[in-house]
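First comes the structure, then the notes that go with it.
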Amino acid sequence: MSDQAFDSALDLLRRLNPKDTAKHVDLLCQLAPSLTEDLLESVDVPLAVKKCRKTKRDFLCCDYNRDGDSWRSPWSNEFEPPVADGEGVVPSDRVRKMEVKANEAFDVYRELYYEGGISSVYFWDIDDGFAGCVLLKKSVSPSAKGSGSWDSIHVFEVHDRARSAQYKQTSTVILTLGTDSENLGTLDLSGNMVRQIQEDRAVEDDGGHVANIGKMVEEMELKMRNSLQEVYFGKAKDIVGDLRSIAPLSETNRDRAAHRDVISSMGR
Numbered sequence: 603m604s605d606q607a608f609d610s611a612l613d614l615l616r617r618l619n620p621k622d623t624a625k626h627v628d629l630l631c632q633l634a635p636s637l638t639e640d641l642l643e644s645v646d647v648p649l650a651v652k653k654c655r656k657t658k659r660d661f662l663c664c665d666y667n668r669d670g671d672s673w674r675s676p677w678s679n680e681f682e683p684p685v686a687d688g689e690g691v692v693p694s695d696r697v698r699k700m701e702v703k704a705n706e707a708f709d710v711y712r713e714l715y716y717e718g719g720i721s722s723v724y725f726w727d728i729d730d731g732f733a734g735c736v737l738l739k740k741s742v743s744p745s746a747k748g749s750g751s752w753d754s755i756h757v758f759e760v761h762d763r764a765r766s767a768q769y770k771q772t773s774t775v776i777l778t779l780g781t782d783s784e785n786l787g788t789l790d791l792s793g794n795m796v797r798q799i800q801e802d803r804a805v806e807d808d809g810g811h812v813a814n815i816g817k818m819v820e821e822m823e824l825k826m827r828n829s830l831q832e833v834y835f836g837k838a839k840d841i842v843g844d845l846r847s848i849a850p851l852s853e854t855n856r857d858r859a860a861h862r863d864v865i866s867s868m869g870r
């Protein structure tokens with residue numbers, strides 16, 4: 603019954619507005635508390651933001667840096683708020699050093715590509731390697747005329763080999779755009795995209811892991827942005843163009859009449 607309920611919950615979320623996924627997941631967790639952990643682990647929601655008390659820097663929250671109702675800051679390696687027993691799950695010294703380097707690298711990447719926003723990187727230990735996630739968020743300040751946000755979630759596993767490593771990456775982009783004006787009316791354009799990739803790459807040391815992950819995230823984000831622009835926005839533009847004519851109706855009717863006259867003369 604629990605598997606059937608979980609599948610039904612996922613099926614319901616696929617049919618609801620992606621813009622409100624976080625609210626819908628919270629309501630489902632209240633209706634079926636037994637599904638809470640599975641839903642939080644399986645459903646990507648827009649990233650929440652918290653501030654690190656020690657460094658005064660913002661960081662992003664997801665299931666991978668959560669311990670109960672606390673979230674680990676990538677800047678201080680401490681939980682906000684502190685966990686009940688005073689401890690929490692943190693990476694080993696080796697993995698933490700890579701995590702620090704990755705946060706520094708993606709902080710530069712965020713500024714170059716997003717010109718603002720927030721980035722956070724989290725690593726943790728697994729058998730024969732390590733895993734992690736790269737989080738990026740850029741939001742437009744909500745106003746009476748519009749709002750928007752871009753959330754990138756890149757989750758990966760790294761399995762060490764001799765002088766190389768196997769990288770498995772799952773990337774999710776959650777995009778939300780909205781506007782409300784007299785000229786355009788109300789528009790809500792929201793959705794998400796998921797892509798997966800697996801590659802073997804050469805690596806000499808732990809710094810090589812950070813470089814490889816950075817290249818893979820950069821390449822994946824470029825592909826997903828191009829796909830969104832060509833397919834997602836291109837299709838929306840075609841639909842709006844078919845539904846609404848920019849030219850006056852009288853001009854459109856005149857063009858259609860001229861077109862019919864040309865066809866008729868060709869037939870004669």
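Going by the working numbering, the first residue of the sequence shown is number 603, and it counts up by one from there.
No residue lacks a Cβ here, since even glycine has one placed at the ideal position from N, Cα and C.
Report the rounded CA-to-CA distance for residue i versus residue j, giving the unit in angstroms.
i	j	result
Val775	Cys664	14 angstroms
Phe725	Thr854	59 angstroms
Arg668	Arg674	6 angstroms
Tyr834	Gly748	19 angstroms
Asn794	Leu777	6 angstroms
Ala707	Phe661	15 angstroms
Lys653	Arg616	31 angstroms
Val685	Ser829	41 angstroms
Val757	Leu824	16 angstroms
Ser722	Ala860	60 angstroms
Gln831	Lys839	10 angstroms
Asp857	Asn814	57 angstroms
Phe608	Gly731	30 angstroms
Asp709	Asp844	42 angstroms
Does the beta carbon of residue i sit closer than 8 angstroms to a beta carbon anywhere in chain B?
i	result
Asp671	The displayed structure is made up of one protein chain only, and chain B is not part of it.
Considering only C-alpha positions, which residue in the set the options is nearest to residue i?
i	options	result
Ser604	His756, Pro635, Thr772	Pro635
Ile586	Leu615, Leu633, Asp646, Leu637	Nothing in the structure corresponds to residue 586, since the chain is present only between 603 and 870.
Lys837	Glu680, Gly750, Asp802, Leu791	Leu791
Leu820	Ser610, Tyr715, Arg617	Note that residue 820 corresponds to Glu in the displayed sequence, not to Leu. If we check each option's Cα against that of Glu820, Tyr715 comes out closest.
Asp727	Ser644, Ala707, Asp762, Lys740	Asp762
Trp752	Glu759, Gly719, Asp660, Arg797	Gly719
Glu717	Asp729, Val697, Val742	Val742
Leu637	Gly787, Met868, Leu612, Leu737	Leu612
Going by beta-carbon coordinates alone, are residue i and residue j separated by less than 8 angstroms?
i	j	result
Ala943	Ser766	Any property of residue 943 remains undetermined from this structure, which presents the chain solely from 603 to 870.
Gln771	Met826	no
Val649	Lys740	According to the sequence provided, residue 649 is Leu. The question's Val does not apply to it. No, the Cβ-Cβ distance between Leu649 and Lys740 is not below 8 angstroms.
Pro693	Glu701	yes
Lys699	Asp808	yes
Gly816	Tyr711	yes
State the CB to CB distance for the pair residue i and residue j, rounded to an integer number of angstroms; the pair is presumed to be in contact (CB under 8 angstroms).
i	j	result
Lys656	Glu680	6 angstroms
Leu630	Leu618	About 10 angstroms separates the two Cβ atoms, so there is no contact after all.
Val812	Lys703	5 angstroms
Arg659	Trp677	5 angstroms
Gly750	Gly787	Wrong, their Cβ atoms sit about 17 angstroms apart, outside the cutoff.
Trp769	Gln798	Correcting the residue identity first, residue 769 is Tyr in this sequence and not Trp. The pair is not a contact, with the Cβ atoms about 11 angstroms apart (cut-off 8 angstroms).
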